[in-house]
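Notes for the one structure printed next.
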Amino acid sequence: MITYNKSSISQKKSLRSLLLCILTTCLLLACDSNQKSQTPALKSSAKGDSTTHSVYSTYKFGNNENTIDFGTQPLAVPTGTLPEILNRDQILAKSLSDAGQVLQLHSFYKGKDINFFMKRGDLELAVAGDMPTLSAAAQNYAVALALVKQNYSAIITRDLDQVSELKGKRVGNAAGSSAHYALMEALQTEGLTSDDIILVPMKVNEMTEALQQGKIDAFSAWEPTPTIALKTSDKFKVLHRSLSSSYLYCARPFLEKHPETVRHIVASIARSMKWVALSRNNILQASDWTIAAANSFSGKKSALNKEEYAKLIEDGIVNIASSPIIPLSVLRENGQIFNEFRFMKKMGKLEDKVSWPQTLNNFNRKIIAEIFNNPSEYMISQYNFQK
Amino acid sequence: MSQQYNNSDKKKFLYTHRSQLLTYFLSLFYISIGLISLIFLFGIPSTPLEGMIKETIKDNFTHLNFIADLKKERLQLWLEERRDDVRLITQSPLFLHELHEFLPKKKEFAPEKVQPHSSSDHKSSALLNHHLRQVINTYNAYNEIEIFDNFTGQTIASTAHDLSINKKQNTPKRWSNFPPGAEEIVYLQKENNTIYLYIQRMFHEKLNTELQHGRVVMTVKISTDDFIRPMLHSGEGLGKTGEALLVNQSRLTITSLKHPLSDGSKAIPLNTKIDADPARYAAQGQEGFTLAKDYRGAQVLAAYRHIQITSEEAWGMVVKIDQNEVFSSLKKNVAILLSLITAACLFITLIVIYISNKLSQSVSEMVKIAGEIEAGNLDARVIETKSDEMGNLSVSFNKMTRKLQQWNEELEDQVQQRTAELHTATQQLKLNQVLLNKSQEVAKLGSWHLDIRKNKLTWSEEQYRIFGRTPQNFDATYEAFLDTIHPDDQDMVKRTFQNAILNKIPYQCTHRILKDNGEVRIILEKSEDIAGEDGQIIHSYGFSQDITEQFLANQRYENVIKTSIDGFWTVNKEGRFIDVNNAYCSMTKYSRQELLQMSITDLEAKESQKQVKSHIKTVIEKGYDRFESKHRGKDGSLIDVEISANYSSHASDLIFVFIRDITEKKRIENEKKSLIARLAQAQKMEAVGTLAGGIAHDFNNILGVILGYSDLAKEDAPPNSTFADDLDKVIQAGWRARDLVKQILAFSRQTDIELIPIQIQSLIKESLKMLRATIPTTIEIRDNLDPKCGVIMADPTQVHQILMNLCTNATLAMETSGGVLDIRLQDANLEQERFKNLHIKPGKYLQLSISDTGSGIHSNIINKIFDPYFTTRETGKGTGMGLAIVHGIINDYGGTITVDSELGKGTSFNIFLPNAKQEIIETTEEIKQVPKGTERILFIDDEELLAEMGNNMLQRLGYTVTVKRNSLEALENFQNNPHNYDVVITDQTMPGMTGSDLARRMLQIRPDIPIILCTGYSNLIDEKKAKSLGIKEFALKPINLHTIATLLRKVLDQ
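Residue numbers (our numbering), protein chains in the order written: chain A, 153 to 539; chain B, 24 to 1077.
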């Protein structure tokens, strides 16, 4: 009996390398916005063309020197929080105005969609999860500038107790997202791959209802979806969590052409983070703005209240990232970004010529350093946010 | 045999009941146990062991997750508290103030200038040290706290040493550790084999801004062994092998480990790298639960958590327990279970062996005894020692054996008994044969058998008797049988028998035989045949019955039925005809064949099908019934019948019915009833007549007074005055009233109506004039009277009555809707074709037509309107006599009346009255003078008013009047002075003595005395009778002045 289990586990371990390959293949297939896999949001578009998406097709990008199109994710918390604060930063607004520029936010369901438009040149800046950021940086069309949050993606289920029980089950997933990567990571811990489960593509704001209605057996999502699910039903539980980071990143051409504008925007991010950490009231204010943006984008009232949003902001920004600088720990060997790069590389989702040093070079820590070395110029400690 | 059994038992041991039972029991048992064990150990879906493993894992997963979450939360909370402590201190006004005092207050602050110059600087440093020690003492969570210059690395204050600021410290340079923008860093560092957690934070930027941002930094130093390790291990609940461990992002263990490494060495914190999966997952930022190997290579259940402290610093935590320990209790349980199963197997095996021995012992004993019984030893018995099933079986077996023995004995008895019974039966058979022969003799029924192939005929004794033969003088062949048959029937019998044989149908034949003594008998024969294998008839079995008497009886019966004048049926219980006689056929005009296809209900005209069935039931129950009904003949005529039915269950459940035609009888009865009714009506009319007579008498008296006084008054009235005219109308109405009384009397046949030849146009005109005054104006009266119409013999009053009756009816029919009343009078010649249906003599008639446009008469009642007392009016509003009287009058005149009516359109009455040949009597009276006289008159009337009126009237005529109101008194008066009077006028109806009696007595006294007899009405006397008594004149009341004056002069002047 015990031998049986040992044998089983031993066999699983021996197949690990094979499974890992399969896992990574699946993941990277889903990662690239130009690839075959599509998210539900892109279902309406032909051959991955997000321009025909029912929502995105209505966006009017500036595509000129004076308009800075900024991609954000209102349905991700607190990823979507800092852009909302930034959008109300009067200091930034003045800086941009002085330069004859204006900031324009565009909402997206996930980072993969943001990358699509950034690569096309429609977006100049964006905040998104680690996988989209890495993907853009590795492909050298974007430069990561700042860490905007650190928290966890989670696999939520109702009837399952172990990750191994996911085998053969339907799992809700936003393809190509950090949560997708988290799901693959979790499967890997039990020697499973995406072939062992049934991936059900869907928007994160549809997952809780789908789980409740029994359309899926589990889902993998970033905050606030796991918190919403756990609040929705006592029967829901966390099966697995994975660290999830989000970054501010900038289209490389824009950075090269407007480095000072980028500095002002990064400074605004830093200012925003400091402002949020200053008081409880600021956190609550940021919650209000985030909720408003989420409600506006989803067309539905958020399932979480202000306090619950505040908790997510506090956990993801205030307690973790005291500085927006990209942590060295994620860039080191076996760090989060490094591991993800290795996966992508192994699966051939990155061209051979793409190297880690080049990718690493696109995770820029200098701009933050420059800003903090010149705090008075960038008014790091001054706050003027439009209420 | 018993010995044989024992030998066999030894040889076939393996096939004994005992061994088989044992084998079966044990096989089943071990198979069951094996299956249960296999299922339990390896399971089918949801088997216990697999479920238990899963459940154990699940329980431990829950447990470990709970502990991991708890420890992570505690650790994070503790870390947050520490970071908050540091943040609060670096923002503390107290510290900021002291540092402010201590540090140079200029921007070009240089490291070489950071030296205390005065005692106050020493004081500040001491105070800072003091404050830091207080923090340590208060929080009891820090090993050391230090404030240092991040630019120079010089310590400003510290709890480690009581150092002064001017003492150079070789503190590591820490400023490079702050990432850009970060105000706080957290990291681990090893010092002297101890791992310390460092939390460094810049003092508030307000302070630093005045100097240089981030220059003054506070560091707290916390020993992981002192603070973090106890947190990890406190309240573990992880068993003997379980532990919680922490690794940093490089998977170096932060704390010492519970177990040695796989190579047996001891882990060194921040030196030993943990390669186990759970630690790796945790360090990479994952959280979950897994079954994996730990750092020793031991299989563990592990919950792993990630603790992100800052963006740069994160730890992994693993809470694990050895799988062996987790499953140890389960293993123990399985071992116990297997032991129990083994013990149970052994125990049950012993039990089964014991039971099989016990069971087989009894069975073997029984097998042995059964063998003895089989060998014939019925005295053998099983020993009955137990009270269980086998004991019961032994008892039953012994009972069965005893029963067998008993049956054997009984069987032998029965054989003897049956032998005796067979003997008795043989005797009985002989007796039965005798009885049969006797029965056949009594029934005159002989039996026979003909073997057709051998042509051998076998007769019973009775058969010989019936045919008057003996075995000695009968050849017993078919031909010999034919010889016995009457010569006239031989061919028929032969044909019938051959036909039965050929067609394989039962043979039945009635024929005559001729006995040797010449006697002819009638024989009924029946037979049934048996065919051989080839299908040919080879045997014929039959009987012959002498039915001579029965045949003759039937013939008699048929003759009776045939000659009966009453109808006769034979019907079955359903009422279907089985037989009918000719009389009934004649009665109904149906043929016999037709009737035999019918049932009673086809003929019954009075009773319903249900009633017929009820009658049949009654007949069956009572045995007979007699009742009347009606049958319908073929021509539709109804026949009154009297039915007499008899039923006998012995007569094939048939009902015998005689039907007598009583139509004529019924008709006579009906006529009789009608006559009785008419007699009653006549008696009623007579009574009415009597009543009418009485009324007429009194009424005429009253009219007499009225008319009399009216005449007197008219005499007194001025001629041609209104008064005289009015009196004329009174007198005219009075006379009409008198005529009416006459009519009443005539209708009740109390008087004869005198018919006179009249022309009725004027009568019609007069009647219409009176009618117009009484009917609504919505009714228009139209008349078309041919003035040339002839004369009829009629009574004017009756004509008036006819007109008033018919016109009144017509106006009533138009009372609500209005309409036209049309009266026409014309001659009609009834010899014409169109009058041929009037059923009166042909000739010339007067046709009086009275038509209205009223509601009409319903066809249902139009035939009844002339019946006496028939009325459609409400009770009390009509007598129902009007049209009856009209009809009666017209009939009396030899005429007829017809009516045509249509509902909603109106009614038309046509009256035909025969033309009279006589000339019209002028009814207009010549006005003459009233004759007067002076003679003496004795006037007798019991009515006071009449007496008085008579006195007045006669005195006014000049006569001398003596009035008497009592006839006896008058007689006495006359008797005393018979010559005092010249004439006597007497009423007829008077108390004491009638007028006629009085007259007779007076005439006896003085035969020449002229007497005038007046009467209102009397059925005792009329004019003829009065004159035969010697009475000079007979006058009907009321008598007017002119009449009495004329009569007086007539008798006095004779």
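We treat Cβ as the ideally placed atom computed from N, Cα and C, and that holds for glycine.
Given that a residue counts as buried once 16 or more other Cβ atoms are within 10 Å of its Cβ, and exposed if not, what is residue i?
i: residue 446 (chain B); result: exposed
i: residue 453 (chain B); result: exposed
i: residue 154 (chain A); result: Because the pLDDT at residue 154 (chain A) is just 27, under 50, the model does not fix this residue reliably, and the value given afterwards should be weighed accordingly. With fewer than 16 other Cβ atoms within 10 Å, it is exposed.
i: residue 1062 (chain B); result: buried
i: residue 199 (chain B); result: Note that residue 199 (chain B) scores a pLDDT of 49, beneath 50, so its modelled location is shaky and nothing firm can be said.
i: residue 153 (chain B); result: exposed
i: residue 178 (chain A); result: Legend: pLDDT at residue 178 (chain A) = 37, less than 50; position of this residue unreliable, value from coordinates given subsequently. Burial call: buried.
i: residue 249 (chain A); result: exposed
i: residue 324 (chain B); result: buried
i: residue 136 (chain B); result: In this predicted model, residue 136 (chain B) has a pLDDT of only 45, less than 50, meaning its place in the structure is not dependable enough to derive any value.
i: residue 450 (chain B); result: exposed
i: residue 301 (chain B); result: buried
If residue i and residue j are in contact, beta carbons under 8 Å, what's the gap, nearest whole angstrom?
i: residue 209 (chain B); j: residue 112 (chain B); result: So it is not a contact: roughly 15 Å between Cβ atoms.
i: residue 478 (chain A); j: residue 428 (chain A); result: No, residue 478 (chain A) and residue 428 (chain A) are not in contact; Cβ-Cβ is about 19 Å, not under 8 Å.
i: residue 165 (chain B); j: residue 291 (chain B); result: At roughly 24 Å, the Cβ-Cβ gap does not stay under 8 Å, so residue 165 (chain B) and residue 291 (chain B) are not in contact.
i: residue 342 (chain B); j: residue 94 (chain B); result: 6 Å
i: residue 877 (chain B); j: residue 837 (chain B); result: 4 Å
i: residue 290 (chain A); j: residue 502 (chain A); result: 5 Å
Nearest to residue i by CA position, among the options, is which residue?
i: residue 295 (chain B); options: B:280, B:714 and B:309; result: B:280
i: residue 478 (chain B); options: B:501, B:263, B:517 and B:681; result: B:501
i: residue 960 (chain B); options: B:939, B:980 and B:952; result: B:980
i: residue 286 (chain B); options: B:278, B:297, B:610 and B:174; result: B:297
i: residue 792 (chain B); options: B:815, B:846 and B:747; result: B:846
i: residue 402 (chain B); options: B:408, B:428 and B:378; result: B:428
Ordered along the chain, which non-local residues of its own chain (more than five positions away) have a Cβ less than 7 Å from that of residue i?
i: residue 588 (chain B); result: 606
i: residue 686 (chain B); result: 662 and 663
i: residue 350 (chain B); result: 79
Please list, in chain order, the chain B residues whose beta carbon lies closer than 7 Å to that of residue i.
i: residue 314 (chain A); result: 84 and 312
i: residue 491 (chain A); result: 307
i: residue 337 (chain A); result: 309
i: residue 524 (chain A); result: 203 and 204
Taking residue i as the query, report the chain A residues whose CB atoms sit under 9 Å from its CB, ordered along the chain.
i: residue 334 (chain B); result: 299, 302, 397, 472, 473, 474, 475, 476, 477, 478, 479, 481 and 482
i: residue 227 (chain B); result: Within chain A, no residue comes near residue 227 (chain B); the closest Cβ sits about 11 Å away, beyond 9 Å.
i: residue 94 (chain B); result: Per Cβ cutoff of 9 Å: no residues; residue 94 (chain B) is ~15 Å from chain A at best.
Along chain B, in chain order, which residues have C-beta atoms closer than 9 Å to that of residue i?
i: residue 392 (chain A); result: 309, 310, 311 and 312
i: residue 536 (chain A); result: Residues of chain B passing the Cβ test: none, with the nearest at roughly 18 Å.
i: residue 521 (chain A); result: 202, 203 and 204
i: residue 488 (chain A); result: 307 and 308
List the residues of chain A that residue i touches, going by C-beta distances under 7 Å, in chain order.
i: residue 304 (chain B); result: 341
For residue i, which residues in chain D fall below 7 Å Cβ to Cβ?
i: residue 272 (chain B); result: Among the protein chains in the structure shown, which are A and B, there is no chain D.
Quick one: list the residues of chain B neighbouring residue i, beta-carbon separation under 8 Å, in chain order.
i: residue 422 (chain A); result: 204
Apart from the five residues on each side of it in sequence, which residues of its chain come closer than 6 Å, Cβ to Cβ, to residue i?
i: residue 170 (chain B); result: 179, 180 and 241
i: residue 357 (chain B); result: none
i: residue 1065 (chain B); result: 953
Using a Cβ-Cβ cutoff of less than 8 Å, which residues in the same chain neighbour residue i once the five nearest sequence positions on both sides are dropped?
i: residue 1046 (chain B); result: 1057
i: residue 850 (chain B); result: 809, 811, 812, 813, 867, 868, 869, 870 and 938
Run down chain A in chain order and give the residues with a C-beta less than 8 Å from the C-beta of residue i.
i: residue 325 (chain B); result: The contacting residues do not exist; residue 325 (chain B) stays about 10 Å from chain A at best.
i: residue 300 (chain B); result: 341
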